[in-house]
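First residue of the sequence shown? That's 7 in this note's numbering, and the numbers climb one at a time after it.
Note that CB positions come from ideal geometry on N, CA and C, so glycine has one too.
Treat the numbers as computed from the prediction; the structure is a model and nothing was measured.
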Amino acid sequence: MTYSYEQYQQSADYIRDQLGSFAPKVAMILGSGLGFLGDVVEDPVAIPYGEIPHFKASTAPGHKGRLVFGTLSGQKVAVMQGRMHHYEGYSYEDVSYAVRVLRLLGCDTLIVTNAAGCVRTDWHAGELMLITDQIKLFSESPLRGENLPQFGVRFPDATHLYTLRLQQLARQVAARQGVTLREGVYFYCYGPQYETPAEIRAARILGGDAVGMSTAPEVIVAAHCGMEVLGFTLLSNMAAGILDQPLTEQEVLDAAETARETFSALVLGCLEQM
């Protein structure tokens, strides 16, 4: 364990000093090109990651790298505009550090979003997927090392990392809005290189429906410290080998911009019902 409980407390105490009496309940981690929801928070207080003790910088394209606190759809929220990734050189504990800090601030629910490649050949780029489970193989856990019992037990159950109650809520909201909401398993890969066609075939055989470079570590830590989790993936592109074309960062960002209205309506609709 790299960080002590006292360091998590120091980060939380610094943020509390900026917020006064405001206490967030719902934490949101917004991925590549999807950070625009942080720009519509009411009465916002924005804190750059670099100002918070022990936080790391976010360097991925489309990530602003700040926490925005305020109200969104009637909920008191803490919005992470951008996340840290293992491929940026950070440990998995670095990547998931903010989740524990937000838990100390009072957040009991986490909404995660990401942009990922579509593994399913019968789905289409631009669609949204409700994450029902995840696969994170061949890499260490963000819980590796000494356990901090203030957050959770040494050997946490991972049967339902994504909360069933919130999945049902998302289905109901999508149905009311007339949104096609795919459901599937998020397959985590390290990055930063995109996956090979052979790796995508392997992911499909193993049960993956979308493949990406984020989300899984944060969700493990959130579940460990008792948070409910709701996850959405923007299927920003067809994964490697499905189409006869290379993959690019710009394709991901363009897809996020195109899906902005539908995506934001779905997430805001879920927030309203929480």
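Arg188 Cβ short of 7 Å to the ligand ADP heavy atom set: Of the ligands one can find in the structure shown there are none, so the ligand ADP has no counterpart to examine.
Simplified DSSP state of Val83, which is helix, strand or coil: strand
By the DSSP assignment, the alpha helix (DSSP H) with Asp260 in it spans what residues? 255-264
Please state whether DSSP places Ile58 in a helix, a strand or coil. coil
Threshold first: 4 residues or longer. Then list the alpha helix (DSSP H) segments lying entirely within the stretch 135-215, N to C. 170-183, 203-212
Beta-carbon gap between Asn120 and Gly37 smaller than 8 Å: yes
With C-beta atoms as the reference, is Val83 less than 8 Å away from Val235? no
Taking the alpha carbon of Thr186 as the point to measure from, which residue in Phe238, Asp100, Gln16, Leu25 has its own alpha carbon closest? Phe238
Please report whether the beta-carbon of Gln140 lies at a distance below 8 Å from any beta-carbon of chain B. The question asks about chain B, but that chain is absent: this structure has only one protein chain.
From what residue to what residue does the beta strand (DSSP E) around Glu133 run? Careful: Glu133 lies outside any beta strand (DSSP E) and carries neither H nor E.
Report back the beta-carbon spacing between Tyr200 and Ala216 to the nearest angstrom; my notes put them in contact at under 8 Å. Not a contact, Cβ separation roughly 13 Å.
If you reduce the DSSP assignment to three classes, tell me which class Asp100 lands in. helix
If contacts are defined as beta-carbon pairs under 8 Å, then Ala180 and Leu272 qualify, I think. What distance do you get, rounded to the angstrom? 6 Å
In whole angstroms, what separates the C-alpha of Pro252 from that of Ala246? 7 Å
Closest Cα partner of Val159 within the set Ser17, Glu57, Gly232, Asp128: Gly232
Looking at the secondary structure, which residues open and close the alpha helix (DSSP H) in which Ile226 lies? 222-230
When the Cβ atoms of the stretch 128-144 are set against those of the stretch 44-55, are three or more pairs found closer than 8 Å? no
How many Å lie between Gly213 and Arg207 at the Cα? 10 Å
By alpha-carbon positions, which one of Arg22, Val225, Tyr196 ends up nearest to Val105? Val225
Option nearest Gly95 by Cα separation, candidates Thr115, Ser64, Cys124: Ser64
Taking 8 Å as the cut-off, decide whether the C-beta atoms of Ala33 and Gln140 are in contact. no
Rounded to the nearest angstrom, what separates Ala229 and Ser147 at their Cα positions? 13 Å
Which of the three DSSP states is assigned to Thr115 in this structure? strand
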